[in-house]
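Participant: So the number in the working numbering is just where the residue sits in the sequence shown, counting from 1, plus 151.
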Amino acid sequence: MADGPGTIDAEASPAATRWQAIRKSLCPHCFRGHIFRSWIAVHERCPACGIRFQREPGYFVGAMYISYGLSLPPGFLLLAFFWLLLDWPFERAGAVAFLLYLPLVPFLVRYSRVLWLHLDRSVDPYD
Ligand SMILES: [Zn+2]
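#1: Quick one: residues in its chain with C-beta nearer than 6 Å to the C-beta of Gly213, no 5 flanking neighbours on either side, listed in chain order?
#2: Is it a yes or a no for the region 233 to 245 touching the region 183 to 195, going by three-plus beta-carbon pairs under 8 Å?
#3: May I have a chain-ordered list of the alpha helix (DSSP H) segments no shorter than 4 residues that lie completely inside the region 167 to 223?
#4: Using the Cα positions of Phe232 and Pro257, report the straight-line distance between them to the nearest angstrom.
#5: Is there at least one non-hydrogen atom of ligand 1 closer than 7 Å to the beta-carbon of Arg169?
#6: May I have the straight-line CA-CA distance separating Ala175 from Arg206, to the nearest angstrom?
Structure below.
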């Protein structure tokens, strides 16, 4: 079982894969330290290996592009369902799709940051 935020995942072996680390929101360098200290707040440094998560001011702006890309499929699927399949007016279908999409936003923000960290560290691993 994973420990709480601010700790090291004791079950994550050094040989854990990047995909396992992404799924568990673990450090992109050591795959052991938790990235988040709360639901959205990121640790300044990895509690296990000490690498800095936020490399520069505005670092997570890159995660917004990932979040945007992750948001499009569920948003369009919901819109298409209500507009094309149920034949609702476009404005009503869009409004309902938006309201149903809203609960996904915290998950998308969280995992877009995890994906951004792993993408950035795999391309440029050194500070
Ligand atoms: Zn680490």
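Even glycine gets a Cβ: it sits at the ideal position worked out from N, Cα and C.
Facilitator: Let's see:
#1: The count along the sequence shown starts at 1 and reaches residue 213 at position 62. The residues are Trp267.
#2: no
#3: 169 to 174
#4: For the purposes of this step, residue 232 is taken as residue 81 along the sequence shown, with counting starting at 1. For the purposes of this step, residue 257 is taken as residue 106 along the sequence shown, with counting starting at 1. Distance between the alpha carbons of Phe232 and Pro257: 23 Å.
#5: On the sequence shown, residue 169 is found 18 positions in, with the first residue counted as 1. Arg169 Cβ: outside cutoff for every heavy atom of ligand 1.
#6: Residue numbering aside, residue 175 sits at position 24 when the sequence shown is read from its first letter. Residue numbering aside, residue 206 sits at position 55 when the sequence shown is read from its first letter. Note that residue 175 is Lys in the sequence shown, not Ala. Approximately 21 Å between the Cα atoms of the pair.
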